[in-house]
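K.L.:
Have a look at this one.
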Amino acid sequence: MDANNPILLMAGTQEHDLTRLDEYRAVGGYKALERARALEPQAVMDEISAATLRGRGGAGFPMGRKASLLAKGTGKPTYLVINADESEPGAFKDRDVLRMTPHRLIEGCLITAHGIGSKSVFIYIRGEYAHEFDVMRDALEDARTAGLLGGVTIVLHRGAGAYICGEETALLESLEGQRGQPRPRPPFPPVNGLYGAPTQINNVSTIALVPKIIELGAAEFSKIGVPSAPGTAVFSLSGNVAEPGNYERQLGTTLRELIYDVAGGIAGGRELKAVIPGGSSVPVLTPAEIDTPMDYDSIQAAGSFFGSAAIIVVDDRCCMVQLALRAEQFYMHESCGKCTPCRVGTRWLVQLLTKIEEGRGDRSDLDLLEGVCDRMLGKSLCALGDFAVYPVASYLEKYRGEFEAHVDGHGCPFGGASSIEGTFAPSDQHAPNLAETVHA
Amino acid sequence: MPDLVSLTVDDRVVQVPSNTGLVEAALAAGVEIPVFCYEPRLGAPIGACRMCLVEIEGIPKLQAGCTLTAIDGMVVRTAATSAKAADGQESTLEFILVNHPLDCPVCDKGGECPLQDLTFRYGPGRTRMTFPKVTFDKPIPVSPLIALDRERCILCYRCTRFSEEVAEDGLLIARNRGARSEIATFEDEPYRSVFSGNVIELCPVGALTSSMYRFDARPWEIQNVPTVCTGCATGCNVTATIREGKVKRILSRNHAEIDRGWLCDKGRFTYPHLLARDRITAPLQRGPKGLKEVSWDEALDAAEEMLREAEGAIVTALSGSETTEIAYALGRLLRGGVGAHSAVLPEATSDALEAFRLPLSAIAEAELVVVVGDDPVVERAPIVDLWLKEARRRGAEVVACSPTGTVQVAPGGSAAFCQGISAAGNELGQRLRNADRAVLVWSGPGGGGGARIAELAHELGFEEKPGCGAFHLPVTPNGRAVAAAWSASADADETRPETISVLVVSGEDAAADPGVRALAEQAERVIVVTMFHELVGGWADLILPATGALERDGTTMNLEGRLQRLRRAVAPPCPDELAWISKLAARFDVEISPHASAVFAELSEHLFQDLSMDEIGLRAALPSRTAYEAPAPAAQPASVPEHGATELRLQRYRALISGPAVERVRELEFQRPEREVEISAVDARQRGISSGDPVLVRSNGTSIELRARVNRRLVEGIARVAEEHAADLHAVVEVVKA
Amino acid sequence: MTQIYERIQELRRKYPQSRSAVMDALRLAQTEHGGWLPPEALREVADALDVTPAYCHSIASFYDMYHLEPVGKHMVEVCTNLSCALAGAQAVLDAFAHELGVRPGETTDDGEMTLRAIECAGGCGRAPVVVVDHVYHEPLRPEDVPGLLQELRGRE
Ligand SMILES: Cc1cc2nc3c(=O)[nH]c(=O)nc-3n(C[C@H](O)[C@H](O)[C@H](O)COP(=O)(O)O)c2cc1C
Ligand code: SF4
Ligand code: FES
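As given, the protein sequences belong to chains A, B and C, one line each in that order. Okay, so the first sequence: first residue is 6 according to the working numbering, each after it adds one. Okay, so the second sequence: first residue is 43 according to the working numbering, each after it adds one. Okay, so the third sequence: first residue is 233 according to the working numbering, each after it adds one.
Set out below in structure tokens:
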């Protein structure tokens, strides 16, 4: 392992076909499982806690601490649920884990199941990942045939196209065969989760790191990354970079390094305009802020979130009002419709942004835009309502001049030449008039 | 005594039992947390509307108060004392009003609308929304009973949660996602559930309204009369809304032990039968040219003459839907006045059950419930079905032993099945003996009016256990008190006359009974008291107009044995029964008051330990248990009819949504039982029949065409048909593809 | 129909509670019914799962990958979310629309192809992403469109 550039999650994927059980074993696969099964469950969880493995799904909550909240002695089974719904715009890291190193995820599931005393694991895979589902299914079959499951059932569940099902309680609802709408918390899943039983929920990349923690030991693992967030993350770089793709790097690598050194800088040698560091749901950063290290605490101090480590890079050809509108169309389309502020607010924001982009707005509309964001923020049932606000509110705050130019000049200052000009959003084909007026 | 927790709401300290919801805890502190979606009867809170946002000390984000429970030391601030909470509430209201039309003046909910009230109290008072609202086609029917105005819907999901989690019918749903979400039924088929009307009351805005009530009355021009439903023996507490002397709607009046605020559609929507076109409002007498209207004096003369000439050779058939007072007064007149002691009484609930009395709400708290009997519970006492569902949701085991049950028992087999349970070594019996909270329910004919279930309860030792009880679900609403009142009205034994000179038929149920019809064939003359012409026009000699329950004062006893008060909501279009009974009785020197309260005072002495009508109150209490008295032993069960291999046994059941009153309400037509025959999957396969196929059901020369429905739960060898479609079919039928 | 009934019984056994199988069951029924869910498909699923058709409809209408209107034999889906948009997704969508003569959300008159815009498909690193009959093509450029369509039409 290269000390400067440790690869944990994707280790061996360059050289081997790790979808094959024999090759995964050849790189030491399932040894950690063997070692973990020789340990008391609590010892396994202690190791994970000591490694301060923070959730890679977005919120960065320490996995060990979450497991310590699991209700004991309920007389119900304890479930482990893996969140493989990955639908955050810009994110595609879990997909690579699923399709390139499925056994690492299975091994992580089995170690965790041993640690928390669970006999059934559910992996919720987004419906679009058909190929990844097949890879996982085959790998699981191989693991089963090889007698690795040790009495644990792993069920692969397929989603069917709903971003909200990445939210953990919506995911549970969906897994129970309901509409994927979030539940109020409390009660939290560790107490009252799947089928009302204590449930541990983690992201694919979180769980797939578990075998490495057992293999290296918490002490070694903690040397990687930053003390508040040890280890590596797979950073998904997309947008206007020269070499987009997934890159596993230590936590704490700066955005500048990631964009310029890792992903080859801005495509076509253009100017950097904006960076969305954690998937479309987090506040935008300006070029002046790209020396921020990418770890949970640093990025939060800079006013954004680590999110799913999906870095969307935007060059100077893009109109920020259009970008905000396109992002908001996504949230309007994905709002589950359960709570009022999110269901109504997203549509209202789309209407306002459309008006501004088309040059029909005035300065008061910018205030209203801000006002509607304020009214939504912190009021909805789940975080989607906030995610829907961050892009709009932060673009408006940091690129206000561009918004003002739209209203003052009665039209888009890019004059039809913005890089995402006229992008058609799926919400329009589902209900063509929804944002505008009527549906019957 | 539950643990108490102490919390502070808007600077007021209050103590409540732990596990109290925050909305209730705040109320205990005198603080209202406004809500839309919160409705504890619909299951766990969903936190959807965000009206109830409050600030909790130590939590940075506003919280939906409705989803929290009171915790010791919690400090809560509502809009009254927190600017942040106030902003939260204002935000929610602004968002709700973004799409809600401001058509309050023409909305049925106007004046009694939670949204209107809360907007007035907490609202921003103006909208910054300048875009067109989401609009929809004007109100669409979700059924002939209910209109849906999607524009007004605030998506609180109360109605769909009711359908999914209370009625468990799964018919009213939310479809689509996000801003396109809307309430709907499958393929716009009607919402066909006997509980459908409850969603009208649950809707906090004017989105779901009663099609019968629409635009009919404004809340300030109405009176509300508290009374009791007599659609079945449950005795749900209701309020009748009256305008200009007419019933405009029926609402629930939530008796927590009986109905929990739910009503079935029979109770809620049959009131228009009072204004049926064929309602009899004046007496009719048979002359040479058939029936003709006569004056009351002539009618009473005729009745007096018939009764006198009969010299006691009189049989009286009672329906079980009379008030206790009418049954008693009739008894005083006929038994006391002309010695007519012979009666055909409605199926009476066995007194032996009094030792196992419980409120219906105890079903929800039970750990184990065993239901036996041929009839679906929902057809006999629909609200009991809701209690059973709630019990199941709360984790109770509900064992249904019936032709379609989890334990399949062929029709007529229930009594033997009960004996089996009490036999030593029976596994179910053992669990019932061990349970602290177990309930038995008898739902079907036979069984001695619950006597068999009482015997079982006795053998299981239920009288020692206050949490265990037993219920019988009778077919008539007041059969038990009617029989008791009749029996208390005179002190003489019944003697069946050899020949019947006069048959007195009281009420529609008796008139529709085939046994009573057979007696009418034998009787020389027939006097019928009824509301409608059609049923008896062909065979009655004298018809006296009857009143409906909403037109009556008096008492009625429900299936728990709880005596409740009927209050006259509207004046009948004719003198009521007590008025003419009193007059007619006077001609035979029997003194009986025309006033229900006086009649009650008299009968109460015999039956209810001098209880006074006022003591019954608005929400009647349940009498305590009495000592167990063994009921009469079971009659030999009618032998199961023999049938060949290709034949099926016919099982008839009386559908809830049926009967003369229901038949007179056009809007209820779609709720009546389908013209279908249910058969098991095995029997269907043998005959090459699939669901939906037209089939002939035949016996002894009668042949009826019905649609087949394959019921995977039904026992083999049975053909199940609703009474009203079974016509003259015999007990054994053939079912063949048409 | 009975065949689908039996297969759904199998799906039920996968889960501790059978309702969890509704998504799998709807997917199965959709495949059996030529890519969409007509009312009778919802009825079949409901029957096999002991739920109501209305319930199935409420589920199916929540998720994007169930179709309640007829679709073409082939489904062409173009991601137009941020990363793909920045990489020129609109030109790809336009190319398809032009070649097929339909707008996004529509099906060609011959019932061969349905064109849809979709939200982020999770291929942002190889944008623009086009998903054809559940198979990812990434990246796909406007100039690749005619060839792809030709290949599709030739396919059985
Ligand atoms: C709208 C929304 C979408 C989310 N999508 C995902 C997702 O696709 N994948 C994921 O792992 N977590 C997602 N999350 C976060 C999950 O709710 C949850 O925090 C996470 O799965 C926990 O796993 P971790 O602790 O391992 O990160 C989402 C959250 C929200 C509010
Ligand atoms: S129709 Fe009424 S009860 Fe149903 S969701 Fe809308 S507002 Fe709520
Ligand atoms: S009343 Fe609490 S969210 Fe609706």
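For glycine and all other residues, C-beta sits at the position ideal for the given N, C-alpha and C. These numbers come from a predicted model, not from an experiment.
Taking buried to mean at least 16 other C-beta atoms within 10 Å of its own C-beta, is Gly-220(B) buried or exposed?
P.N.:
Mapped onto the second sequence, residue 220(B) falls at position 178. Label assigned to Gly-220(B): buried.
K.L.:
Report the rounded CA-to-CA distance for Gly-198(A) versus Leu-274(C), giving the unit in angstroms.
P.N.:
Here the question's residue 198(A) lines up with position 193 in the first sequence. Here the question's residue 274(C) lines up with position 42 in the third sequence. Roughly 28 Å between the two C-alpha positions.
K.L.:
Please determine if the region 370 to 378 of chain A and the region 424 to 432 of chain A are in contact, where contact requires at least 3 C-beta pairs separated by less than 8 Å.
P.N.:
no
K.L.:
So with CB distances below 8 Å, who are the chain B contacts of His-299(C)?
P.N.:
Counted from its first residue, the third sequence places residue 299(C) at position 67. Within chain B, no residue comes near His-299(C); the closest Cβ sits about 13 Å away, beyond 8 Å.
K.L.:
Among Ala-135(A), Gly-80(A), Gln-356(A), Ser-125(A), which residue has its Cα nearest to the Cα of Arg-1(A)?
P.N.:
One cannot answer for residue 1(A) here, as it falls past the ends of chain A, which runs 6 to 445.
K.L.:
Go ahead and label Val-451(B) buried or exposed: buried means 16 or more other beta carbons lie within 10 angstroms of its beta carbon, across all protein chains shown.
P.N.:
Stepping through the second sequence from its first residue, residue 451(B) is reached at position 409. With 16 or more other CB atoms across the displayed protein chains lying within 10 angstroms of its CB, Val-451(B) is buried.
K.L.:
Could you tell me whether the Cβ of Arg-365(A) comes closer than 8 Å to any Cβ of chain B?
P.N.:
In the first sequence, the residue the question calls residue 365(A) occupies position 360. No, Arg-365(A) does not count as interfacial toward chain B.
K.L.:
Relative to the C-alpha of Val-763(B), which residue among Pro-102(B), Leu-738(B), Leu-482(B) is closest?
P.N.:
Within the second sequence, residue 763(B) is the residue found at index 721, counting from 1. The shortest Cα separation from Val-763(B) among Pro-102(B), Leu-738(B), Leu-482(B) belongs to Leu-738(B).
K.L.:
With a CB to CB cut of under 6 Å and the five nearest residues on each side skipped, what residues in its chain are close to Asp-417(B)?
P.N.:
Position 375 of the second sequence, counting from 1, holds the residue named residue 417(B). Counting only residues of its own chain and dropping the five nearest sequence neighbours on each side, Asp-417(B) has a CB closer than 6 Å to the CB of Ser-485, Gly-486, Tyr-695.
K.L.:
Could you check whether the Cβ of Arg-4(A) sits closer than 7 Å to any heavy atom belonging to ligand 1?
P.N.:
Because chain A is modelled from 6 through 445, residue 4(A) falls outside the range shown and cannot be assessed.
K.L.:
Would DSSP call Pro-186(B) helix, strand or coil?
P.N.:
In the second sequence, residue 186(B) corresponds to position 144, counting from 1. Reduced to three states, the DSSP call for Pro-186(B) is coil.
K.L.:
Report the residue from Met-141(A), Thr-57(A), Ala-96(A) whose alpha carbon sits nearest the alpha carbon of Leu-26(A).
P.N.:
Residue mapping note: residue 26(A) aligns to position 21 of the first sequence, counting from 1. For the residues Met-141(A), Thr-57(A), Ala-96(A), the minimum Cα distance to Leu-26(A) belongs to Met-141(A).
K.L.:
Per DSSP, which residues does Pro-736(B) bridge with? Please list them.
P.N.:
Numbered from 1 along the second sequence, position 694 holds the residue referred to as residue 736(B). Residue pairing for Pro-736(B): DSSP places it in a beta bridge opposite Arg-749(B).
K.L.:
Can you tell me whether Phe-574(B) is buried or exposed, with buried defined as 16 or more other CB within 10 angstroms of its CB?
P.N.:
For the purposes of this step, residue 574(B) is taken as residue 532 along the second sequence, with counting starting at 1. The residue in question, Phe-574(B), is buried, as its Cβ has 16 or more Cβ neighbours within 10 Å.
K.L.:
Any heavy atom of ligand 3 closer than 7 Å to the beta-carbon of Met-93(B)?
P.N.:
The residue given as residue 93(B) occupies position 51 in the second sequence. Answer for Met-93(B): yes, Cβ within range of ligand 3.
K.L.:
How far does the beta strand (DSSP E) with Thr-365(B) in it reach, from first residue to last?
P.N.:
Residue 365(B) sits at position 323 when you count from the first residue of the second sequence. No beta strand (DSSP E) holds Thr-365(B); DSSP gives it neither H nor E.
K.L.:
Around the C-beta of Ala-445(A), are 16 or more other C-beta atoms found within 10 angstroms, so that it is buried, or is it exposed?
P.N.:
Start at 1 with the first residue of the first sequence, and residue 445(A) comes out as number 440. Only weak support is given to the placement of Ala-445(A): the predicted model assigns it a pLDDT of 28, under 50, and the question is left unresolved by the model.
K.L.:
I think Phe-630(B) touches Val-380(B), with their Cβ atoms under 8 Å apart; what is that distance to the nearest whole Å?
P.N.:
As a position in the second sequence, residue 630(B) is number 588, starting the count at 1. As a position in the second sequence, residue 380(B) is number 338, starting the count at 1. In this structure, Phe-630(B) and Val-380(B) form a Cβ contact; the two beta carbons are roughly 6 Å apart against a cut-off of 8 Å.
K.L.:
Can you find a C-beta in chain B that's less than 8 Å from the C-beta of Val-308(C)?
P.N.:
Start at 1 with the first residue of the third sequence, and residue 308(C) comes out as number 76. Judged by the 8 Å Cβ criterion, Val-308(C) is not in contact with chain B.
K.L.:
Going by beta-carbon coordinates alone, are Pro-325(B) and Leu-626(B) separated by less than 8 Å?
P.N.:
Walking along the second sequence from the start, residue 325(B) turns up at place 283. Walking along the second sequence from the start, residue 626(B) turns up at place 584. Contact: no.
K.L.:
Could you tell me whether the region 398 to 408 of chain B touches the region 424 to 442 of chain B, using the rule of 3 or more Cβ pairs below 8 Å?
P.N.:
Counting Cβ pairs under 8 Å, three or more are found: they touch.
K.L.:
Kindly list, in the order they appear in chain B, the residues whose Cβ is closer than 7 Å to that of Met-337(A).
P.N.:
For the purposes of this step, residue 337(A) is identified with residue 332 of the first sequence, where counting begins at 1. Under the 7 Å cutoff, chain B gives Gly-220, Ala-221.
K.L.:
Any idea if Pro-702(B) is buried or exposed, counting beta-carbon neighbours within 10 angstroms, 16 or more meaning buried?
P.N.:
What you label residue 702(B) is simply residue 660 of the second sequence in a count that begins at 1. Buried, because 16 or more other Cβ atoms sit within 10 Å of the Cβ of Pro-702(B).
K.L.:
Pick out whichever of Val-160(A), Gly-416(A), Gly-65(A), Ser-303(A) has its Cα sitting closest to the Cα of Asp-367(A).
P.N.:
What you label residue 367(A) is simply residue 362 of the first sequence in a count that begins at 1. Comparing alpha-carbon positions, the option among Val-160(A), Gly-416(A), Gly-65(A), Ser-303(A) lying closest to Asp-367(A) turns out to be Gly-416(A).
K.L.:
Give me the chain C residues within the contact set of Cys-323(A), using Cβ-Cβ distance strictly less than 8 Å, ordered along the chain.
P.N.:
Here the question's residue 323(A) lines up with position 318 in the first sequence. The contacting residues are Leu-318.
K.L.:
Run the proximity test for Ala-121(B): is its beta-carbon closer than 7 Å to any non-hydrogen atom belonging to ligand 3?
P.N.:
Position 79 of the second sequence, counted from the first residue, corresponds to residue 121(B). Outside the cutoff, so no.
K.L.:
Looking at C-beta atoms only, is the number of pairs between the region 351 to 368 of chain B and the region 454 to 467 of chain B that lie closer than 8 Å three or more?
P.N.:
no
K.L.:
State yes or no: is the C-beta of Val-355(A) nearer than 7 Å to some heavy atom of ligand 3?
P.N.:
As a working mapping, residue 355(A) is identified with position 350 in the first sequence. Answer for Val-355(A): no, Cβ out of range of ligand 3.
K.L.:
For ligand 1, is there a heavy atom less than 7 Å away from the beta-carbon of Tyr-164(B)?
P.N.:
Taking the second sequence and counting its residues from 1, the one referred to as residue 164(B) is at position 122. Because no heavy atom of ligand 1 lies under 7 Å away, the Cβ of Tyr-164(B) does not count as near it: no.
K.L.:
Excluding the 5 residues preceding and the 5 following Asn-218(B) in the sequence, name in chain order all residues of the same chain whose CB lies nearer than 7 Å to its CB.
P.N.:
On the second sequence, residue 218(B) is found 176 positions in, with the first residue counted as 1. Result list for Asn-218(B): Glu-224, in chain order.
K.L.:
With burial defined as no fewer than 16 other Cβ atoms inside 10 Å of the residue's Cβ, what is the status of Ala-332(A): buried or exposed?
P.N.:
Residue mapping note: residue 332(A) aligns to position 327 of the first sequence, counting from 1. Ala-332(A) comes out buried.
K.L.:
Using a threshold of 8 Å, state whether the C-beta atoms of Ile-75(B) and Cys-91(B) are closer than that.
P.N.:
Against the second sequence, residue 75(B) aligns to sequence position 33. Against the second sequence, residue 91(B) aligns to sequence position 49. In this structure, the beta-carbon distance from Ile-75(B) to Cys-91(B) does not fall below 8 Å.
K.L.:
Measuring only the C-alpha atoms, how far is Ala-582(B) from Gly-471(B)?
P.N.:
Translated into positions along the second sequence, residue 582(B) becomes position 540. Translated into positions along the second sequence, residue 471(B) becomes position 429. Distance between the alpha carbons of Ala-582(B) and Gly-471(B) is about 50 Å.
K.L.:
Take Leu-110(B) and list the residues in its own chain whose beta-carbon comes closer than 7 Å to its own, dropping the five residues that flank it on each side.
P.N.:
Position 68 of the second sequence, counted from the first residue, corresponds to residue 110(B). These residues qualify, in order along the chain: Leu-64.
K.L.:
Can you round the beta-carbon distance between Gln-205(A) and Leu-44(A) to whole angstroms, since I take them to be within the 8 Å contact cut?
P.N.:
In the first sequence, the residue the question calls residue 205(A) occupies position 200. In the first sequence, the residue the question calls residue 44(A) occupies position 39. With a Cβ gap of about 18 Å, Gln-205(A) and Leu-44(A) do not count as contacting.
K.L.:
For Arg-251(C), which residues in chain A fall below 9 Å Cβ to Cβ?
P.N.:
By 1-based counting over the third sequence, the position of residue 251(C) is 19. Within 9 Å Cβ-Cβ: Glu-181, Gly-182, Gln-183.
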